[in-house]
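Count along the sequence shown from 1, add 21, and you get the number used in this note's numbering. All residues carry an ideal CB built from backbone N, CA and C; glycine is no exception. These notes are about the structure you will find just below.
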Amino acid sequence: MDQQLLVFLKVAEHLSFSRAAEALHVSQPAVSQNIVNLESSLNAKLFDRTNKSVQLTKAGEIVLHYGKQIMTLYAEMEQLTDDLLRDNSGPLAIGSSYTYGEYILPHTLARFRAKFPRVTPSVIIANTHDIEARVASGELDIGIVEGNVSLDHIQVKKFASDELVIIMSAHHPLATKSEVRIEDLEKQTWIVREHGSGTREITDVALSLHHIDPASKMEFGSTQVIKEAVEAGLGIALLSVSTIRKERELGTLHIARLPNAKITRDFSIITRQSEFATKAMNLFYEFICTASAESTSMPG
22 MDQQLLVFLK VAEHLSFSRA AEALHVSQPA VSQNIVNLES SLNAKLFDRT NKSVQLTKAG
82 EIVLHYGKQI MTLYAEMEQL TDDLLRDNSG PLAIGSSYTY GEYILPHTLA RFRAKFPRVT
142 PSVIIANTHD IEARVASGEL DIGIVEGNVS LDHIQVKKFA SDELVIIMSA HHPLATKSEV
202 RIEDLEKQTW IVREHGSGTR EITDVALSLH HIDPASKMEF GSTQVIKEAV EAGLGIALLS
262 VSTIRKEREL GTLHIARLPN AKITRDFSII TRQSEFATKA MNLFYEFICT ASAESTSMPG
């Protein structure tokens, strides 16, 4: 990696020449000289410096933007060349939206690690839009999402289907009814996920599609909190059947479905468009697609 660019990025991170020198374990004059040389080669001033502060100029902001991309590409180059010497091993940065990440991914990773113990995954759980952005920036190798993907240069492969059902407390008045009606559902408080969540996206679509206008809504940023709120009788919600297995076994939640209406969505794997992928990425990609195909082909 170019030393001048590396020093620039560290100064831009700390907005301090002295703290950048400490982080790089070099002298402050060495940091200053690298910045002078970079400014000279670019014929542009990158920092506005006073006795009290250091700020990026407009040119500095441009160099920072592209410098981060260069750092990401350089790290990828190192990883991919090193990957040629590896045998089914290496790091793997996975991002997942909440439903899959909290309730399905741990079981998938356990089976994957049993087969490929030398792959070392790290996992980030966030909403669909956050995962999409992190995959696009190169922070994540692979994303698993349940919402629509809007960014360019992202490859999307649908690999599994998911059913969503209306849930309520086992003691809710509607739990005793053999069939729920639209007017019954409109009178309820609906507990929903935050905007940017794949579950919130399909909830809004389902409500609109079935012409349900809830009397009120409550918004929470966690599926687990929504389940707790529903169990406590605060309202009803639309959640994946994958998220309520334990509650169904315990009998604390009741499932209702709209007449003649099955609400489903797709789980998708997302990756950046690239000619290259690490062995760890390819192994996990193939594993999750194969495992999904086998589960959907099983009877029952």
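Practice prompt. Can you tell me which of the three DSSP states V186 falls into?
Written response: If DSSP states are grouped into helix, strand and coil, V186 belongs with the strands.
Worksheet item: Any contact of the segment 230–238 with the segment 141–156, i.e. 3+ C-beta pairs under 8 Å?
Response: Between the segment 230–238 and the segment 141–156, the count of Cβ pairs shorter than 8 Å is below three; the stretches do not touch.
Discussion item. Residues in the same chain with beta-carbon distance under 7 Å from Q49, minus the five sequence neighbours each way, listed in chain order, please.
Written reply: Within its own chain, the residues whose Cβ lies closer than 7 Å to the Cβ of Q49, once the five positions on either side in sequence are excluded, are F38, S39, A42, listed in chain order.
Practice prompt. Pull up the distance between the alpha-carbon of W211 and that of G116, whole angstroms please.
Written response: Between the C-alpha atoms of W211 and G116 there is a straight-line separation of about 28 Å.
Item to complete: Report all residues from its chain with a CB closer than 6 Å to the CB of N2; omit the five preceding and five following residues, and keep chain order.
Response: Here the chain covers residues 22 to 321 and nothing more, so residue 2 does not appear.
Discussion item. Distance check for Y306 and T129, CA to CA, integer angstroms please.
Written reply: In this structure, the CA atom of T129 is about 12 Å from the CA atom of Y306.
Worksheet entry | Buried or exposed by the 16-neighbour rule on C-beta atoms within 10 Å, applied to Q209 | Counting Cβ neighbours within 10 Å, Q209 comes out buried, since at least 16 surround it.
Fill in: Cβ neighbour criterion (16 or more within 10 Å) applied to S237
Answer is exposed; the Cβ neighbour count stays below 16.
Fill in: Top-ranked residue by Cα proximity to V262, from V170, R155, Y124
Comparing alpha-carbon positions, the option among V170, R155, Y124 lying closest to V262 turns out to be Y124.
Discussion item. Which of the three DSSP states is assigned to G321 in this structure?
Written reply: Here G321 scores only 36 on pLDDT, less than 50, and its place in the model is too uncertain to base an answer on.
Practice prompt. Within its chain, find whatever has a CB closer than 7 Å to the CB of D205; leave out the 5 residues flanking it on each side and keep chain order.
Written response: Taken in chain order, the residues that qualify are L195.
Practice prompt. State the Cα-Cα distance for the pair E60 and E222, rounded to the nearest angstrom.
Written response: Roughly 47 Å between the two C-alpha positions.
Discussion item. For a quick check, are the C-beta atoms of R286 and D183 less than 7 Å apart?
Written reply: Judged by their CB atoms, R286 and D183 are nearer to each other than the 7 Å cut-off.
Item to complete: Go to F29, then tell me how far its alpha helix (DSSP H) extends in each direction, as first and last residue.
Response: It spans 24–35 - the alpha helix (DSSP H) in which F29 sits, taken as one unbroken run.
Worksheet item: Does the beta-carbon of I309 have 16 or more other beta-carbons within 10 angstroms, so that it is buried, or is it exposed?
Response: It is buried - the Cβ of I309 has at least 16 other Cβ atoms within 10 Å.
Practice prompt. Taking only the alpha-carbon atoms, compute the straight-line gap between Q294 and K178 and give it to the nearest angstrom.
Written response: Spanning the alpha carbons of Q294 and K178 requires a straight line of approximately 12 Å.
Discussion item. Going by DSSP in three states, E160 sits in which element: helix, strand or coil?
Written reply: Looking at E160 - three-state DSSP - the assignment turns out to be coil, as it is neither helix nor strand.
Item to complete: Might you give, ordered along the chain, the residues of its own chain that have their beta carbon closer than 6 Å to the beta carbon of L185, omitting 5 neighbours on each side?
Response: L259, S261, I284.
Discussion item. Quick check on the DSSP output: the alpha helix (DSSP H) that includes L255 runs from which residue to which?
Written reply: That residue, L255, is in no alpha helix (DSSP H); it is neither H nor E in DSSP.
Discussion item. Quick check on DSSP: helix, strand or coil for H86?
Written reply: Here H86 sits in helix by DSSP.
Discussion item. Using only the alpha-carbon positions, how far apart do V156 and F241 sit?
Written reply: Looking at the two C-alpha atoms, the distance is approximately 25 Å.
Worksheet item: When you compare only the Cα positions, how much space is there between D69 and L45?
Response: Our two residues, D69 and L45, have alpha carbons roughly 21 Å apart in a direct line.
Practice prompt. Return the CA-CA distance between L94 and L36, expressed in angstroms with no decimal places.
Written response: Cα to Cα, L94 sits roughly 24 Å from L36.
Worksheet item: In three-state terms, what does DSSP make of I91?
Response: Helix.
Worksheet item: Between the C-alpha atoms of L279 and A301, what's the straight-line distance to the nearest angstrom?
Response: Going from the Cα of L279 to the Cα of A301 covers about 42 Å.
Item to complete: Helix, strand or coil for D287, going by three-state DSSP, please let me know.
Response: Strand, per DSSP.
Item to complete: Locate the alpha helix (DSSP H) running through L130, then write down its first and last residues.
Response: Per DSSP, the unbroken alpha helix (DSSP H) holding L130 starts and ends at 126–136.
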